[in-house]
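The opening residue of the sequence shown carries number 963 in my numbering; numbering runs sequentially from there.
Glycine included, every Cβ here is placed at the ideal spot set by N, Cα and C.
Here the structure comes first, spelled out in structure tokens, and everything after it is commentary.
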Amino acid sequence: MNRTSNNRSGLFLLEIMIAILFFAMVSAVCLRSFAKAHTLSQEASDMNQAMSHIENVAELLKSADSAVLDDSEQTVNLLNTEYALVSVDQKQYTLYFNNDWENCSEQEAAYTLLIQGSDLNSKNIRTYTITTSRTKDDTTIDQLTLELYTKKG
963 MNRTSNNRSG LFLLEIMIAI LFFAMVSAVC LRSFAKAHTL SQEASDMNQA
1013 MSHIENVAEL LKSADSAVLD DSEQTVNLLN TEYALVSVDQ KQYTLYFNND
1063 WENCSEQEAA YTLLIQGSDL NSKNIRTYTI TTSRTKDDTT IDQLTLELYT
1113 KKG
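Set out below in structure tokens:
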């Protein structure tokens, strides 16, 4: 009689262990799903913020007069109407953003918005490439190419 009692308790213990293993595996899958959802949510948020700032810069450039875009200092002043900190190197303008997508210094930057301008081509079109990227791994989040026609004065 004792033997069957031991067998039953052994089977019960095995059943409990299998149930715990099953729930541990299910919880691992759930945690992985939540982590992936958080990552996707963060990437979507970054994409939305990046596109918003790209559109904002594109609209600023579209609103500018041709003479303003020819002069780097005036272009910086134009960008300063919306963004306090603008770094410039020839026809390349850089804006830095922190984790909350607020304009900041280069040292605090989590994201970078780069504006690369070209000279007028033969058809009086000036091309700008506006790119946002993550600072830590330099991966591009979004990019826009803007072509502006300039009237001959």
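Local conformation of residue i per DSSP, three classes
i	result
E1044	coil
S1095	strand
E977	helix
N1065	strand
T1101	coil
Outcome for residue i when other beta-carbon atoms lying within 10 angstroms are tallied against a minimum of 16
i	result
T1043	exposed
H1000	exposed
D985	In the sequence as presented, Asp is not what sits at residue 985; that position holds Phe. Exposed, since its Cβ has fewer than 16 Cβ neighbours within 10 Å.
R994	exposed
A970	According to the sequence provided, residue 970 is Arg. The question's Ala does not apply to it. Looking at its Cβ environment, which holds fewer than 16 other Cβ atoms inside 10 Å, R970 is exposed.
T1107	exposed
A1012	buried
Test item: CB-CB of residue i and residue j under 9 Å
i	j	result
A1046	N1018	no
D1081	T1093	no
Y1090	L1023	yes
K1085	Y1058	no
I1077	Q1052	no
T1056	S1067	no
L1075	I980	no
Span of the beta strand (DSSP E), counted from its first residue to its last, around residue i
i	result
S1049	S1049 to D1051
L1057	Q1054 to F1059
L1076	Y1073 to G1079
Residues that DSSP places opposite residue i in a beta bridge
i	result
E1109	T1089
G972	The partner list for G972 (beta bridge, DSSP) is empty, contrary to what the question assumes.
Range covered by the alpha helix (DSSP H) that runs through residue i
i	result
L1031	S1028 to D1032
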